[in-house]
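So the protein sequences, as listed, match chains H and Z.
The first sequence begins at 1 in this note's numbering and counts up by one.
The second sequence begins at 1001 in this note's numbering and counts up by one.
Virtual Cβ for every residue (Gly too), placed ideally from N, Cα, C.
In what follows, a single structure is set out as structure tokens and then discussed.
There are 2 protein chains.
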Amino acid sequence: MEKTQVFYNHIKRFINIDPEQFLEILPFFHPGKVAKKEALMRGGRHCRNCFFVLEGCLQMYYINEKGVEKTVQFAIENWWLSDFLAYHHQEKSDFFIRAVEPSHVLSLSHENQQKLLAAHPLMESYFRQVYQIAYGASIMRVKYLFDYSKEEIFFHFTSQFPEFVQRVPQYMLASYLGLTPEYVSEIRKKLS
Amino acid sequence: MEKTQVFYNHIKRFINIDPEQFLEILPFFHPGKVAKKEALMRGGRHCRNCFFVLEGCLQMYYINEKGVEKTVQFAIENWWLSDFLAYHHQEKSDFFIRAVEPSHVLSLSHENQQKLLAAHPLMESYFRQVYQIAYGASIMRVKYLFDYSKEEIFFHFTSQFPEFVQRVPQYMLASYLGLTPEYVSEIRKKLS
């Protein structure tokens, strides 16, 4: 399937948009290929873009005081990723974004988002719904972090997203789930 | 100040809206007074509404398997609160919402949100921005939960939001920060 078709199908789930309109909005998004481990955003820099995954997988992380990488978010196909607070206020971000796999993404700069929304107010509805869901999901994540034991977090996640678990290195998954890599490797040994 | 004026001033920070338009959108929001400890949403029920705090403080929590209340979110003046995933999909929610103090709120039912957005597409932009910020803030919260020690979480929060800490009972604050009430009470003793 044409990469842009993926995006069109995704947007149509949220708003009524015809192929002609879609062709008008497309130039606001900048398509790009990223190699495995390639950086899209670096901590300490101005947060200019948010990224939509057409194919592949992105990771957002920061580096803590001890120099350890901590994953706060992943994005796979049909998901947006950025430090949305820094993106909204056009400030510096503490977060890094890089590709976990070779990926195809669309970048939307803050400037282009403003222009897109001014020219195509219909897209306000699209982003409103995307953010409403993303915000809701993040509240649910806090619930999981509070509510489940380490073992339960791991099992819950791997049973809900088995395909995803295959795609992501163990140490990244551990850090996303708030676990140590040693702990995840221990559970995996137990299981096998 | 008139309660509706609070809401008008808040909305104007995000979109250009004149007093006449504001009067047209106001009927979609249902104003209400809630007593301290009064419930606005109950776990296990259909999530119909989201709530805007004009005055006061709301708490969103769930009850875990051991019967312990866990706070996932607070809302004070100018903040929206709901289980936005259940609200979006119009499903049952696991969360409860109640007033921490006597409060004035605006409720927006999902049905009214749809009607409001259809009649006043300008409000798509308002909600898009509100959710963009809320989603961004929730990613930052995951960073804090991961990155700080228990003591640091407590100090960071109390130094950033001293007024808020005064308004909320200790056990709720503890549960919001992922700490035990005993731990918070211990730190407070150390400090005094």
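For residue i, count neighbouring C-beta atoms within 10 Å of its own C-beta (all shown protein chains included) and say buried if the count is 16 or more, exposed if not.
i, result
"Z/Val-1068", "exposed"
"H/Asp-18", "exposed"
"Z/Ser-1149", "exposed"
"Z/Glu-1124", "buried"
"Z/Arg-1042", "exposed"
"H/Gln-73", "buried"
"H/Gln-59", "buried"
"H/Arg-128", "buried"
"Z/Gln-1113", "buried"
"H/Leu-108", "buried"
"Z/Leu-1191", "exposed"
"H/Arg-13", "exposed"
Counting only beta-carbon atoms, is residue i nearer than 7 Å to chain Z?
i, result
"H/Lys-12", "no"
"H/Asn-16", "no"
"H/Ser-125", "yes"
"H/Pro-121", "yes"
"H/Gln-132", "yes"
"H/Val-53", "no"
"H/Lys-143", "yes"
"H/Lys-115", "no"
"H/Arg-128", "yes"
Tell me, please, which residues DSSP counts as bridged to residue i.
i, result
"H/Trp-79", "H/Trp-79 pairs with nothing; no bridge assigned."
"Z/Ala-1039", "Z/Arg-1098"
"Z/Pro-1031", "Z/Leu-1106"
"H/Glu-55", "H/His-104"
"H/Phe-74", "H/Gln-59"
"H/His-46", "H/Lys-92"
"Z/Glu-1069", "Z/Ile-1063"
Against chain H, with Cβ distances strictly below 7 Å, would residue i count as a contact?
i, result
"Z/Gly-1136", "yes"
"Z/Met-1140", "yes"
"Z/His-1088", "yes"
"Z/Asn-1064", "yes"
"Z/Phe-1154", "no"
"Z/Phe-1074", "no"
"Z/Arg-1188", "no"
"Z/Phe-1022", "no"
"Z/Phe-1084", "yes"
"Z/Arg-984", "Because chain Z is modelled from 1001 through 1192, residue 984 of chain Z falls outside the range shown and cannot be assessed."
"Z/Phe-1146", "yes"
Could you pull out every residue in the same chain whose Cβ sits closer than 6 Å to the Cβ of residue i, ignoring the five residues on either side in sequence?
i, result
"Z/Ile-1187", "Phe-1154"
"H/Val-165", "Thr-158"
"Z/Lys-1092", "His-1046"
Flag residue i as yes when its Cβ comes closer than 6 Å to any non-hydrogen atom of the ligand SAM, and as no otherwise.
i, result
"Z/Tyr-1008", "For the ligand SAM, the structure offers nothing, since it holds no ligand at all."
7 Å is my cut-off, CB to CB: does residue i come that close to chain B?
i, result
"H/Tyr-176", "The structure shown contains no chain B; the protein chains it does contain are H and Z."
In chain order, what residues of the same chain have a beta carbon less than 8 Å from the beta carbon of residue i, not counting five sequence neighbours either side?
i, result
"H/Leu-106", "Phe-7, Phe-29, His-30, Pro-31, Gly-32, Phe-51, Phe-52, Leu-54"
"Z/Asp-1147", "none"
"Z/Arg-1167", "Cys-1057, Ile-1076, Val-1100, Glu-1101"
"H/Pro-169", "Val-100"
What does a CB cutoff of less than 7 Å around residue i pick up in its chain, not counting 5 residues either side in sequence?
i, result
"Z/Lys-1070", "Tyr-1061, Tyr-1062, Asn-1064, Ser-1175"
"H/Tyr-171", "Pro-181"
"Z/His-1110", "Arg-1048, Tyr-1087, Gln-1090"
"Z/Lys-1037", "Arg-1098, Ala-1099"
"Z/Ile-1015", "Leu-1122, Ser-1125, Tyr-1126"
Per the contact definition of three or more C-beta pairs closer than 8 Å, is the region 1083 to 1100 of chain Z in contact with the region 121 to 139 of chain H?
-> Touching, per the Cβ criterion.
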